[in-house]
Structures are given as structure tokens and as C-alpha cells.
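Novice: Using numbering that gives the first Met the number 0, the first residue of the sequence shown is number 0, and each one after it goes up by one. Handing you this structure, nothing more for now.
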Amino acid sequence: MNLNEQRPDIEYPTRWQYKIIGSDVEEMLLAVAESIKGLDYEVSPSNVSKNEKYFSLNVSVVIPSEVVRDIIFQNLAKHPAIKIVI
């Protein structure tokens, strides 16, 4: 099985969406600012868990390349304020 044949063909630059989940919205916003330096992005609220312990935010950014897309994902994922990146 050739995995390259199953990859979607994405033309860059493109608008990309990340969903991040964490427990402190202010810290999550700081994490986004640190992770996406130099690019224009938008953050919008998404969901709140039933017990209001976790929050999710949608992050939309114009990505110039696959490399930048992957770096942003890794930066978000390793930030202590963010529990999950989708």
C-alpha cells in the first residue's frame, strides 16, 4: 500500500483549521500566539465540557506550506496549556 497515494492533494497557501482543547482559555490564547508567530490567524470559541473543566477553540490560519502546517501543529501539541490538537 502506497501511503502517498492516499494523501490529499493540498494546494498552498491554504486556510487551515486547528481545534485545540485545554482547561484555561487565556493560557490557550497565549499558546496560539506563541505557536503562530508571523502569520495572520483567527481564534473562535468552540465547545465547553459539561463540567466546564475543558474548553475548545477553533484556530484558523493561512498556511504557506506543509512544513509550516506541521510545525504549527507540533508547537501547539507540545505546549503545556493545550491538552489536544485536532
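Virtual Cβ for every residue (Gly too), placed ideally from N, Cα, C. From a predicted model like this one, the values you see are computed outputs, not experimental measurements.
Answer with buried or exposed for Val-113, where buried requires no fewer than 16 other C-beta atoms within 10 angstroms of its C-beta.
Specialist: What is shown of the chain runs 0 to 85, which leaves residue 113 out entirely.
Novice: Starting from the C-beta of Glu-33, find all residues in its chain whose C-beta is less than 8 Å away, skip the five residues before and the five after it, and write them out in chain order.
Specialist: Here the set comprises Asn-74 and His-78.
Novice: Tell me the DSSP bridge mates of Glu-41?
Specialist: Answer is Ser-59, bridged to Glu-41.
Novice: Applying the 10 Å Cβ sphere with the 16-neighbour rule, what's the burial state of Gly-37?
Specialist: Gly-37 should be labelled exposed.
Novice: Reducing DSSP to helix, strand and coil, say where Lys-77 ends up.
Specialist: The answer is helix: DSSP assigns Lys-77 an H, G or I state.
Novice: Between which two residues does the alpha helix (DSSP H) containing Glu-33 stretch?
Specialist: Taken as a continuous stretch (DSSP letters only), the alpha helix (DSSP H) holding Glu-33 covers 24 to 34.
Novice: May I ask you to report which of helix, strand or coil DSSP gives Arg-68?
Specialist: Helix.
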